[in-house]
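Each remark here refers to the structure printed beneath this line.
Protein chains in written order, with my numbering: chain Y, 63 to 124; chain S, 7 to 479.
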């Protein structure tokens, strides 16, 4: 269970990085990536990374 | 002999009394804060340069006029940048600009993103810059949502200018501008989002005003959405103590990929913008010299030298000549004194109030008519009437949109169209061909006032026109 970031969509603003409660998101190349092992999908809450991401359909189920 | 009372008794030009306030009519402590800030003082924008660094890209709201994926080197508008910088890169860029542009007086962080939501990066940049460049002023722009959380730090860091973008005070209208906000780790939509944003904006504004921070309010004029409403916004922010209100036109184009661009929401015409700005006059002071600059702009307000200072062009070692910066500021103080004396000589005309002269001016700074017509990138528009000379705004000659090319019209005929409503055009020099075209369009080209101060020259021209006109005209 984890989310992933569609690299071609990512605007690299980094908002998801500091909203992630699990420190699962970090810069990778020109954009950001989610470490699947750390992602908990926010355990039933609205995923924060999706909530803050300014580009629709950028963060999706892995 | 010139007595200072002359200004107080009504001798000051209108442009020195409005947003364009000059030292003669401003509280000394306020003047001290704005005098070197080109965005907060119309007077200062003739002498000083600003730069933005795009170090804080994360944002906590979505606006319908913003598309976060957009980037174009030829586009000149807020929120657009060519490269994002880490705080370390941002600091290097600031120092490199300071080393070669002595006019640089202000560093702003103004997107893309929200300087206060992405606060760690904003703070890291400011802290490091101030250490190396203690004579620089700091300012930032925010949507206001995170503002109440950072007011005390803003004060502690000596940031004495904050711009809040406030497009509404009615959440019903806000819901048409903001599809969502992200607050306390949660996304809110619709009316609830707009209500929270509004409350946080008002709270933040009150907190800043209470602490003596100068607040500029930016409003984006969106025809059919908030045009009439901005008059209420103006009244409200004045009541709460905002220093300056800047009503800017929506820039909308399907090619930008914004919600408004894609749904065909148009921007206002120059007339619609002026109508709202005029209706706000008398409320909070209006800013009329805004150029809606890019989030990585560098230079005087009318120019953007950002492309000269991209990361790959920054020198390895940067040495700042502080003596040169200091000398520049001393020189400006002397120029200002001259300009202030010149303004004092502008007396109100005893003439029919209906007599109005609209003038376009080509300038490259220092408050002087010192630009060659052919080199002008913009015109400053002034109005002279029985009450004095007032500044109406700046008009860019060529918005180089991405489509490129000159289109069907020659650039000269586009310039004529740009200033068609003007009676005269003042510049340092003009060639014979453009002279003829302007004159044919009813705009008198004048280079008699070359290298003289702008406002006194317009006043002199106005007096001359009144004297030449038949008594019953």
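Glycine included, every Cβ here is placed at the ideal spot set by N, Cα and C.
At a CB-CB cut-off below 8 Å, which residues of chain S make contact with residue i?
i                      : result
residue 74 of chain Y  : 63, 90
residue 122 of chain Y : Within 8 Å Cβ-Cβ: nothing; residue 122 of chain Y doesn't reach chain S, min ~16 Å.
Would DSSP call residue i helix, strand or coil?
i                      : result
residue 204 of chain S : helix
residue 437 of chain S : coil
residue 410 of chain S : Unreliable positioning characterises residue 410 of chain S in this predicted model, as indicated by a pLDDT of 39, which lies under 50. A coordinate reading is not provided.
residue 231 of chain S : coil
residue 138 of chain S : helix
residue 95 of chain Y  : strand
residue 88 of chain Y  : strand
residue 195 of chain S : strand
residue 337 of chain S : helix
residue 384 of chain S : strand
residue 54 of chain S  : coil
residue 70 of chain S  : coil
Can you have a look at residue i and say buried or exposed, based on whether 16 or more other CB atoms are within 10 angstroms of its CB?
i                      : result
residue 94 of chain S  : exposed
residue 474 of chain S : exposed
residue 296 of chain S : buried
residue 314 of chain S : exposed
residue 267 of chain S : buried
residue 243 of chain S : buried
residue 345 of chain S : buried
residue 127 of chain S : buried
residue 116 of chain Y : buried
residue 65 of chain S  : buried
residue 269 of chain S : exposed
residue 317 of chain S : exposed
residue 310 of chain S : buried
residue 217 of chain S : exposed
residue 412 of chain S : The predicted position of residue 412 of chain S is uncertain, since its pLDDT is 42 and thus under 50; a value taken from the coordinates is nonetheless stated next. Result: exposed.
residue 90 of chain Y  : exposed
residue 75 of chain S  : exposed
residue 467 of chain S : buried
residue 151 of chain S : buried
Spatial neighbours of residue i within its chain, please: CB distance less than 7 Å, with the 5 preceding and 5 following residues excluded, ordered by chain position.
i                      : result
residue 111 of chain Y : 65, 78, 81, 82, 87, 121
residue 471 of chain S : 363
residue 100 of chain Y : 84, 85, 86
residue 102 of chain Y : 84
residue 447 of chain S : 422, 426
residue 69 of chain S  : 183, 184
residue 212 of chain S : 246
residue 154 of chain S : 206, 209, 210, 213
Within 7 Å of any Cβ in chain Y, is that where the Cβ of residue i sits?
i                      : result
residue 262 of chain S : no
residue 129 of chain S : no
residue 188 of chain S : yes
residue 68 of chain S  : yes
residue 119 of chain S : yes
residue 460 of chain S : no
residue 74 of chain S  : yes
Who are the Cβ neighbours of residue i in its own chain at under 8 Å, not counting the five residues just before and after it?
i                      : result
residue 165 of chain S : 132, 144, 145, 146, 219
residue 378 of chain S : 368, 433, 434, 435, 436
residue 109 of chain Y : 65, 103, 121
residue 457 of chain S : 374, 375, 376, 434
residue 449 of chain S : 366, 422, 425, 426, 428, 429, 430, 431
If you drop the 5 nearest sequence neighbours on each side, which residues of the same chain put their C-beta closer than 6 Å to that of residue i?
i                      : result
residue 312 of chain S : 302, 303, 304
residue 182 of chain S : 231
residue 109 of chain S : 54, 55
residue 330 of chain S : 108
residue 415 of chain S : Caution applies to residue 415 of chain S, whose pLDDT of 49 falls short of 50 and renders its modelled position unreliable; the value that the coordinates give is listed next. Correct list: empty, nothing qualifies.
residue 373 of chain S : 52, 345, 459, 460
residue 402 of chain S : 384
residue 68 of chain Y  : 120
residue 451 of chain S : 431, 436, 441, 444
residue 200 of chain S : 177, 180, 181, 184
Starting from residue i, find everything on chain Y with Cβ-Cβ shorter than 7 Å and list it in chain order.
i                      : result
residue 191 of chain S : 81, 110
Check whether the Cβ of residue i lies closer than 7 Å to any Cβ atom in chain S.
i                      : result
residue 91 of chain Y  : no
residue 114 of chain Y : yes
residue 77 of chain Y  : yes
Using a Cβ cut-off of 9 Å, pull out every chain S residue sitting near residue i, in sequence order please.
i                     : result
residue 68 of chain Y : Neighbours of residue 68 of chain Y on chain S: none; closest Cβ ~12 Å, over 9 Å.
Give a single yes or no on whether residue i has its beta carbon closer than 6 Å to a heavy atom of the ligand COA.
i                     : result
residue 42 of chain S : This structure lacks the ligand COA, and indeed carries no ligand of any kind.
Step through the CB atoms of chain A and report whether any lies within less than 7 Å of the CB of residue i.
i                     : result
residue 72 of chain Y : The structure shown contains no chain A; its protein chains are Y and S.
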